[in-house]
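Read the structure below first, then the notes.
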Amino acid sequence: MARARDAAALHRLLLVLAAGALLLLAVVSQATVVPPPSVPTSAPEDPRCRATAPRRGALAVYPSDMEQLQFLLNAKFVEAEWFLHAALGRGVDFLDRNLSGGGPRPSGARKADLDFRTTEVAAELGYQEVGHIRAIREAVGGFPRPPIDLAPDRFAMVMDDAMGVRLDPPFDAYAAPVNFLLASYVFPHVTAAAAMGIGPTLMGYASKRLQASILAVEAGQDAVIRLLLYQRADELVPPYQGHTVADFTRRISDWRNRMSGCGDKDEGVKVLDRKQGAERRTISNILGAGEDSLGFQRTPAEVLRILYGSRNEQIPGGFLPRGANGTIARGFFQLA
Ligand SMILES: *[C@@H]1O[C@H](CO)[C@@H](O)[C@H](O)[C@H]1NC(C)=O
Ligand SMILES: *[C@@H]1O[C@H](CO)[C@@H](O)[C@H](O)[C@H]1NC(C)=O
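Each residue of the sequence shown is one higher than the one before, starting from 4 at the first, in the numbering used here.
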């Protein structure tokens, strides 16, 4: 009896709900057909949508901004060629012949053996780098793409050096998704720190906007790679017994600190000793950051020491065998 009464009540309730839903639908669809006149439809002309105007008399770009922003091109070229080749088997020239400025094609890069999702990530990051190269060139000009070496043995040298052992077989950055992600781990953290580093030197409002916009996406790239690695943190990296993904990231971070020689500005994706992590309370360290979770910054010299793998901004090598280009990087050679 009670059950039958409950069923009847439920039935009535459902009818009421259905009627209510229909009424709501009718109201909503009418609202979308006839927009209320108070909603502004031409938002771009709305002054409240416009960014705050620069101060009167402020310049968009100061001459001294140019070499700082151009410096980022070096790392951007390396990243663009790396991600695009890994995803598509071809690089920047395939998308836009003008961006290289006549510089040579990278050597040693190839398509990586990736699953569909990882290919998507690699392609997205690669295209983002192409956009950044274009944006920098249009804003402050540039220089030809420097010679870039992305051969497997370049990465193998980094990994051997980072792990402190000769990995056998040599680490192949192109062989599997996890290898690709570990190799990718080497770059965006450095470029983000480089973009942070030039911030205080920039004076023009357009320069600052460009730097902030690049930093926003670069830091996101780093977080994406790190999150994908953190999801596998405790897995071993085949065929190397005894080395987990977290272990690799920690050692690559330590390697970058060692190469750059300016203190600890780099941490792996998983915390061992509660000396790192957000407020020193997390095991995950997906967005590696310093005190108060503020991003790390690196100087151009530090960046070059890492990309050259030489600990010395005056000694090219590694991913940039003939050296980086632009006033800042070439300036170090004049000191040599
Ligand atoms: C490259 O530059 C040429 C000449 O300035 C121009 O006509 C062409 O549209 C550019 N290509 C791209 C993809 O921007
Ligand atoms: C650097 O750029 C200049 C042109 O600005 C070019 O002549 C030179 O070959 C480039 N060097 C490297 C190492 O890319």
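Even glycine gets a Cβ: it sits at the ideal position worked out from N, Cα and C.
Distance, residue 258 Cα to residue 234 Cα | Just so you know, the alpha carbons of residue 234 and residue 258 end up roughly 22 Å apart.
Helix, strand or coil: which one does DSSP assign to residue 99?
-> Assigned with DSSP and collapsed to three states, residue 99 falls in coil, not helix or strand.
Determine the burial state of residue 66: buried for a count of at least 16 other Cβ atoms within 10 Å of its Cβ, exposed for fewer.
-> Around the C-beta of residue 66, fewer than 16 other C-beta atoms lie within 10 Å, and the residue is accordingly described as exposed.
Have a look at 50, 151, 159 and flag the residue whose alpha-carbon is nearest the alpha-carbon of residue 94.
-> Closest option to residue 94, Cα to Cα, is 151.
Quick one: is residue 172 buried, meaning 16 or more other Cβ sit within 10 Å of its Cβ, or exposed?
-> Answer is exposed; the Cβ neighbour count stays below 16.
Can residue 82 and residue 191 be called in contact, C-beta distance under 9 Å?
-> Taking a C-beta distance under 9 Å as the contact criterion, residue 82 and residue 191 qualify as a contact pair.
Return the chain-ordered list of same chain residues with a C-beta closer than 6 Å to the C-beta of residue 135, the five sequence neighbours on each side being excluded.
-> Cβ within range, chain order: 79, 217.
Would you say residue 159 and residue 175 are within 9 Å of each other, going by their C-beta atoms?
-> Their beta carbons are under 9 Å apart, which means residue 159 touches residue 175 by this criterion.
Within its chain, find whatever has a CB closer than 8 Å to the CB of residue 36; leave out the 5 residues flanking it on each side and keep chain order.
-> Caution applies to residue 36, whose pLDDT of 48 falls short of 50 and renders its modelled position unreliable; the model cannot decide the point.
In the structure shown, what three-state DSSP assignment does residue 273 receive?
-> The answer is strand: DSSP assigns residue 273 an E or B state.
Assumed close pair residue 77, residue 328 - CB separation to whole angstroms, cut-off 8 Å = The Cβ separation is near 7 Å, so the contact holds.
Could you give the residue range of the alpha helix (DSSP H) that holds residue 263?
-> Counting along the chain, the alpha helix (DSSP H) containing residue 263 begins and ends at 248-263.
Under 8 Å from any heavy atom of ligand 2, does the C-beta of residue 328 make it?
-> Yes, since a heavy atom of ligand 2 falls inside the 8 Å radius drawn around the Cβ of residue 328.
Where residue 320 falls: helix, strand or coil (DSSP) | Looking at residue 320 - three-state DSSP - the assignment turns out to be strand.
Taking buried to mean at least 16 other C-beta atoms within 10 Å of its own C-beta, is residue 337 buried or exposed?
-> Residue 337 comes out exposed.
Can residue 335 be considered in contact with ligand 2, in the sense that its beta carbon sits closer than 8 Å to one or more heavy atoms?
-> Answer for residue 335: no, Cβ out of range of ligand 2.
Give, in chain order, every unbroken run of the alpha helix (DSSP H) that is at least 4 residues long and sits entirely within the region 79-153.
-> Taking 4 residues as the minimum length, the alpha helix (DSSP H) runs contained wholly in the region 79-153 are 95-98, 119-143, in order along the chain.
Give the DSSP bridge partners of residue 239, in chain order.
-> DSSP output for residue 239 lists 247 as bridge partner(s).
Check whether the Cβ of residue 147 lies closer than 8 Å to any heavy atom of ligand 2, and answer yes or no.
-> Because some heavy atom of ligand 2 lies under 8 Å away, the Cβ of residue 147 counts as near it: yes.
Whose CA, out of 278, 119, 268, 106, lies closest to the CA of residue 3?
-> With the chain covering 4 to 339 only, the question about residue 3 has no answer from this structure.
For the candidate residues 220, 86, 275, whose alpha-carbon lies nearest to that of residue 124?
-> Considering only 220, 86, 275, the residue with the shortest C-alpha distance to residue 124 is 86.
The alpha helix (DSSP H) spanning residue 213 covers which residue range?
-> Residues 208-233.
According to DSSP, is residue 296 helix, strand or coil?
-> DSSP places residue 296 in helix when its eight states are reduced to three.
Closer than 9 Å to chain C by CB, residue 63 | Judged by its chain identifiers, the structure shown contains no chain C, having just a single protein chain.
Say yes only if the C-beta of residue 320 is nearer than 8 Å to one or more non-hydrogen atoms of ligand 2, and no if none qualify.
-> Incorrect: residue 320 has no Cβ contact closer than 8 Å to ligand 2.
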